[in-house]
């Protein structure tokens, strides 16, 4: 993309309403615009990152054998009356009447609707196991929406639901989700630690939250800091292999890591003092096993091999997709702006032309731009007629992980400059070598 | 995907509520489930086609130089009070009050919000031209939702908005949209004819609808049947070249083609009688030029080169993304089921194992399945323990354009059978040749 033809409305001033760094930088980098309290437009660059995150979530869910579908944003109230949650849910549920005065709501979650889909179509244990998920906009009418996309009212969430014959099968589905989430967050450059959680309005005893450590996190967290060194990496996982999946879950949950809600002081004190840490965390996902809490009242049953009819064992599993943009920025920024991890960056690299209008630098930049695109990558070429300082400031603010700087002096000796946003280190090399390096960096991502 | 692990709840009976073939087949093929009047869940196979259509729309918009973003589903009423449409829009607008009793609405379209984004961030003619678009769920509270996704209440739409300095620039944007839409529909296997239209509640004089001919269409159409032979094909289009883009628009709009709303009997009678046709059509898109209708009341202005401040010239341009699934099926089916065009098919081909459990046929099917996947394609392997007749009926109903049938008799002589869903013609060939043929069919798509 050529910046002169893009829509990237960066702000010079710090917006007064933004209290945390991710909100401030998302506004300043022209990623979002508030349309009402807690309701945002995703401007082009914000939308690109959102789609990238959504894509990673899809890929990892499909890898785990889960099946995507899409439920609507609006739901009939009657479904929620069946589960008993219509009255319980409180003022966070946005209740709506349509023109025929029928009670509707803007879905804050989808346990009822997915259970309805299941009971309408599945009748036999032979069709199990089954895990269905979607990535859809939700609405929760927070009293005080704040922190930008971190606590919005209209937000994008992945929510998945497993249907199994037995509790053991359902716990395997739970474990499968935990492992798929570990890889999902790692691909986004995040260290998200699974911590035992309290269940809240979804219900259920087995539940873990995934927390990203950040000083602005809403939860206090207590942990053995060796947990932050664990990596799933590129391991091939056979998601049908229960022992293997369970083994990974044990690896990632045996070191102490709890939020204040489930904190156990005695257990924490057993952690060697050098590793005992207290910090804050941002919740970016949660998994639940809740058995027959919805299948029983809503009549989602299957016929077993011996002809009995039993309610299915279920769980639900969520990732806060839009909130992840905030979490990633909270975890990866400096005082100049965002530092995107390669896995989610909106553009793979920036190209800065130090002397726009000079035929040699223009030609070199055009050549680089086309060469990088021909490798299947997406560069952002700052072709505006602006001072070098302004171009650098924009690149630093929007946080592309790699920048190629092209100026007349370098070109005279046949080099361009490749700079890492994260380390600030620069290296001179030929334009061809810079293209190769960028292609190599993204080869495994 | 192995069918035994997929969620494809096909129905044997014709659903009583479905009056038109696309609605009937989408229900029978397990693509959608109604959750409330005019509100659907997109079951896995329906979701796959929806995503494929969305992807084609994105690719063709980006090719034309238009920039994607995403506006929220809910909007504050105040924006619509500025344009005067809050009171005008009528009962189709779903009006909502949040917990603080603020007036909101579920967006039926986005002229106001995009104009608000523009005026908040753009100030100079130098930032023009600019075309922003999104693909987002909309809500229109139809009195009698019907025909499945063809006239739903919650529906997915692409809506794009151009911002230009002069009327000439805005008309070029209009033409650019017409050309990008022609390619969009062609890639979906559709012949969608641009017809001059009446403007309705969006406003503006220059407007064309795109209609797909189908006997179940809601509009009566009058046309010179030579218009259906026009093809954009693979032409390279330079979207910055006004004469070239205008030339294509003239090519596609000079033959008579009108809906009943703008029909001109005298002009129609000038069409040679052999080419004069009356039929019905499904509207799948519409483009509008409306000048300063929104920019003036909402203060969306730019400073010109000579220092004056002028309201921008605008237009809006929509494609009914979810409705397209219905339109494609109306245009492409037979009495056994859907016939997907290659460009939008949910799976590239089906594999039917005639003797599940037989080690030779099982091994041959596994080999085919992996070989097709290794070409980057997505086959659906019917590995259920079912009769051949039931497997064929399912494949015909769900409409994958190509089927490979594997049975013990063919394998004995080293062949499988490749069948075209459209023509019903079968050809015997080696498994390797079948894989090559499938890869070749999809190479240019």
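Protein chains in written order, with this note's numbering: chain A, 1 to 445; chain B, 1001 to 1445. Cβ atoms here follow ideal geometry from the backbone N, Cα and C, with glycine treated the same way. Values in this document were obtained by computation on a predicted structure and should not be read as measured data.
- For residue 1408/B, no CB of chain A lies under 8 Å from its own CB, so it is not counted at the interface with that chain.
- The beta carbon of residue 1006/B falls within 8 Å of a beta carbon belonging to chain A, placing the residue at that interface.
- Counting along the chain, no alpha helix (DSSP H) covers residue 1133/B; the unbroken beta strand (DSSP E) around it starts and ends at 1130-1139.
- If you compare the alpha carbons of 170/A, 251/A, 55/A and 188/A with that of residue 327/A, the shortest gap goes to 188/A.
- Between residue 1194/B and residue 1252/B a beta carbon distance of about 6 Å is seen, short of the 8 Å cut, so the two are scored as contacting.
- Across the set 122/A, 32/A and 119/A, the C-alpha of 32/A shows the shortest separation from the C-alpha of residue 1118/B.
- Annotation for residue 353/A: the continuous beta strand (DSSP E) segment containing it runs 349-353.
- DSSP places residue 1009/B in the coil class of the three-state scheme, outside both helix and strand.
- DSSP, reduced to helix, strand and coil, places residue 1214/B outside both helices and strands of the structure shown, so it counts as coil.
- Here the region 384-398 of chain A lies against the region 1-14 of chain A, with 3 or more beta-carbon pairs under 8 Å apart.
- Not flagged as an interface residue toward chain B: residue 300/A, since no C-beta distance is shorter than 8 Å.
- Nearest Cα to residue 1081/B within the set 1111/B, 1067/B, 1064/B and 1249/B: 1111/B.
- The region 1028-1077 of chain B contains, as complete alpha helix (DSSP H) runs of 4+ residues, the segments 1044-1063 (chain order).
- For residue 376/A, the number of other beta carbons within 10 angstroms of its own is below 16, and it is reported as exposed.
- The DSSP-derived three-state label of residue 100/A is coil.
- For the set 231/A, 222/A and 349/A, the Cα lying nearest the Cα of residue 276/A is the one of 222/A.
- Assignment of residue 1088/B by DSSP, reduced to helix, strand and coil, places it in the helix class.
- The DSSP assignment places complete alpha helix (DSSP H) segments of no fewer than 4 residues inside the region 1155-1213 of chain B at 1167-1187, in order along the chain.
- Around the beta-carbon of residue 1041/B, 16 or more other beta-carbon atoms lie within 10 Å, marking it buried.
- Shown here, residue 263/A sits in coil according to DSSP, grouped into three states, outside any helix or strand.
- The alpha carbon of residue 1084/B has as its nearest neighbour, out of 1062/B, 1037/B and 1295/B, the alpha carbon of 1295/B.
- With a 10 Å radius around the Cβ and a threshold of 16 neighbouring Cβ atoms, residue 11/A comes out exposed.
- Residue 1046/B holds the alpha-carbon nearest to the alpha-carbon of residue 69/A among 1046/B, 1068/B, 1065/B and 1059/B.
- Residue pairing by DSSP puts residue 1381/B in a beta bridge opposite 1002/B and 1351/B.
- Around residue 368/A, no beta-carbon contact reaches into chain B at under 9 Å, the shortest distance being about 21 Å.
- For residue 73/A, the nearest CB of chain B lies under 8 Å from its own CB, placing it at the interface with that chain.
- Looking at the backbone, the Cα of residue 26/A and that of residue 337/A are separated by about 9 Å.
- 395/A is the residue among 412/A, 24/A, 395/A and 411/A whose C-alpha sits nearest the C-alpha of residue 419/A.
- At a cut-off of 8 Å, the C-beta of residue 348/A has no neighbouring C-beta in chain B.
- Contact annotation: residue 415/A and residue 426/A have beta-carbon atoms that are not nearer than 8 Å.
- DSSP, read as helix, strand or coil, puts residue 1373/B in helix.
- Ranked by how close their Cα comes to the Cα of residue 230/A, the residues 242/A, 191/A and 211/A have 191/A in first place.
- Counting only the Cα atoms, residue 437/A lies some 40 Å from residue 174/A.
- Around residue 331/A, the same chain offers 190, 212 and 214 as residues with beta carbons nearer than 7 Å, after the five sequence neighbours per side are excluded.
- For residue 121/A, the nearest beta carbon of chain B is closer than 8 Å to its own beta carbon.
- For the pair residue 1317/B and residue 1282/B, the CB atoms are not nearer than the 8 Å cut-off.
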